[in-house]
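> First the structure, which I've put down as structure tokens, then a few questions once you've had a look.
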Amino acid sequence: MRSLARPSFFRMFDLLLSSSNPGMKRTRWTHDGVEFERERHSFTSSRHAIVIELFTLIRPGRRGWSLMVTKEYWWAGPDTKPFKNLRWARPLSGERGDLFVWLRAQEAALERSLSVDMDDRQTKSASPSVHAADQELSPSTCHFDSEGEADE
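Each residue of the sequence shown is one higher than the one before, starting from 74 at the first, in the numbering used here.
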């Protein structure tokens, strides 16, 4: 991970959110020594709608830091067609290096977890008692091409 502005950061961040707070059922939670807080703000009119999600991550202590990640979604028209998505992340306090050490550790842990999950699925699919037609297709069993870095 090289930057908070790259699509790869936001993919990793989304995986981190879904693994540390499945279904986004909590507005506050702690993961690996970092306090997460989620706020969701929305507005809807007859012509447009907007939803803003704010995530604040705080690592307390001597080498502490804080990070804000914002996701903004816009819809317009009578069919509420999506037309704009914005996302950004900014350190609010602490040393950027300390923040990136933690983020890289999370990225490595997620990669190990996904690798183990894929190995488990491959082992199960190689078993003669499991037929391919009986397996359900889900996003977790599919490989998707990554977004181009030119999205920003």
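Even for Gly, the Cβ is constructed at its ideal location relative to N, Cα and C.
Small disclaimer: the values here were computed from a predicted structure and weren't measured.
Once the 5 residues before and after VAL107 are set aside, which same chain residues still bring their CB inside 8 Å of it?
So the list reads LEU130, ILE131, ARG132 and TRP175, once near-sequence residues are dropped.
> With DSSP as the reference, please indicate the residues paired to SER166 in a beta bridge.
SER139.
> With distances taken from CA atoms, which of GLU180, VAL189, SER188 and LEU187 is nearest MET74?
It is GLU180.
> Give, in chain order, every unbroken run of the beta strand (DSSP E) that is at least 3 residues long and sits entirely within the segment 107 to 140.
Runs found: 107 to 117 and 121 to 132.
> Would you kindly check if the distance between the Cβ of LYS144 and the Cβ of ARG120 is under 8 Å?
No, the Cβ-Cβ distance between ARG120 and LYS144 is not below 8 Å.
> Here's the rule I'm using: 16 or more other beta-carbon atoms within 10 Å means buried, otherwise exposed. How should PHE83 be labelled?
Its Cβ being crowded by 16 or more others within 10 Å, PHE83 is buried.
> Please report the Cβ distance between PHE128 and ARG111, rounded to the nearest whole angstrom; I am assuming they are in contact, meaning their Cβ atoms lie under 8 Å.
Yes, they are in contact, since the Cβ atoms of PHE128 and ARG111 sit about 6 Å apart, within 8 Å.
> Roughly how many whole angstroms lie between the Cα atoms of TRP102 and ASP171?
Approximately 21 Å between the Cα atoms of the pair.
> May I ask you to report which of helix, strand or coil DSSP gives PRO80?
In this structure, PRO80 counts as helix in the three-state DSSP scheme.
> Do you know how far the Cα of SER166 is from the Cα of HIS149?
Here residue 149 turns out to be Ala, not His, going by the sequence shown. Each residue's Cα considered, the two are about 36 Å apart.
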